[in-house]
Structure formats: C-alpha cells, structure tokens
Amino acid sequence: MTDSDATNSTADAEVRSSRRGRRDIVVPMRLYKTVTVFSTLIAVTSVVLGFVFLDAATLQVSALRALIIATLGFVGLTVADGILSTVLAIIGLGVIAFGSIVYTIGTRFRAHGMGKSQEDSGEDSNNG
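Once you know that position 100 of the sequence shown is 100 in this note's numbering, the rest is easy, because the numbers rise by one and skip nothing.
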C-alpha cells in the first residue's frame, strides 16, 4: 500500500461518512458516560413501556387497559374497543420509536482518545 492509496482510502472514508450523514460528537469522558447511561436507560424503558401499551392494545384482559377503561368510566366517557386498541397501539409504537431515536442519538457521542469508528477509519484490518 502506497502513501497515495492511504490518502485515497482516508478520503473515501470521509466521503462515505459524509454521504451517510454520520457525525460523531467528541465530549469529555464524564459527559460520554452520562450520555451513554441515560440514553440506554431511556431506550430500554421506552421499549418495555411500548410493549406494555402494545400488550394493552391486543389483549382484552390487560391491567393497563382495565385501568384506562375504569378511569374513563369514572370520568363518564366510553370508548369503543377498536378505537381504544388503535390509540394504545399508536402510543406503544410511538414510545418504542422514541426510545430508538434517543439511543441512536446517544451513539453519536464519543470521548477524547476513543478514535473514530472502525467503518470510518482508514486502517486495514490485520485479522486475515
């Protein structure tokens, strides 16, 4: 591999990086750890909560569904089962999507000295 090949592969990696729109944000290690912990926590909680809403949308005997129906009945409102299922499913999918977006944004951060991700580096792999 010549110097010009290394320069071209680095330039190709930069073009691929900009073409995909990936932009890493370099932050201090303490902030990196905080972002990683909370983005993962929010993502996992959102996925679990989203599946609870999807469960309530599909099961007629769900505890969350019974609580919502009882609350609406206490207020004096009645909602058709199909409409309630649709609303619960949309909420569940929205919460899961929110969690995945938070996690994706959280993966854009890196600490000083971590280097670039493997797909963006101009280094060759030495494993074979």
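Glycine included, every Cβ here is placed at the ideal spot set by N, Cα and C.
Assign Arg110 to one of three DSSP states: helix, strand, or coil.
Here residue 110 refers to the residue found at position 110 when the sequence shown is read from its first residue. The answer is strand: DSSP assigns Arg110 an E or B state.
With a floor of 3 residues, list each beta strand (DSSP E) that falls wholly inside the stretch 54 to 110, ordered by position along the chain.
none
Quick one: measure Cβ to Cβ for Val27 and Phe109, integer angstroms, because I've assumed they're closer than 8 Å.
Mapped onto the sequence shown, residue 27 falls at position 27. Mapped onto the sequence shown, residue 109 falls at position 109. About 6 Å separates the two Cβ atoms, so the contact holds.
Measure how close the beta-carbons of Gly50 and Gly82 come, nearest whole angstrom, since I'm counting them as under 8 Å.
Mapped onto the sequence shown, residue 50 falls at position 50. Mapped onto the sequence shown, residue 82 falls at position 82. So it is not a contact: roughly 20 Å between Cβ atoms.
Between the stretch 37 to 47 and the stretch 74 to 92, can you find at least three pairs of beta-carbon atoms closer than 8 Å?
no
Inspect the beta-carbon positions of Ser39 and Ile105 and report whether they are closer than 8 Å.
The residue you call residue 39 lines up with position 39 of the sequence shown. The residue you call residue 105 lines up with position 105 of the sequence shown. Contact flag set, yes.
Please state if the CB of Ala89 and the CB of Leu54 are separated by a distance shorter than 8 Å.
One-based indexing of the sequence shown puts residue 54 at position 54. One-based indexing of the sequence shown puts residue 89 at position 89. Yes, the pair counts as a contact, with Cβ atoms nearer than the cut-off.
Expressed to the nearest angstrom, what Euclidean distance is found between the alpha-carbon atoms of Gly113 and Met29?
For the purposes of this step, residue 113 is taken as the residue at position 113 of the sequence shown. For the purposes of this step, residue 29 is taken as the residue at position 29 of the sequence shown. Gly113 and Met29: Cα-Cα distance of roughly 9 Å.
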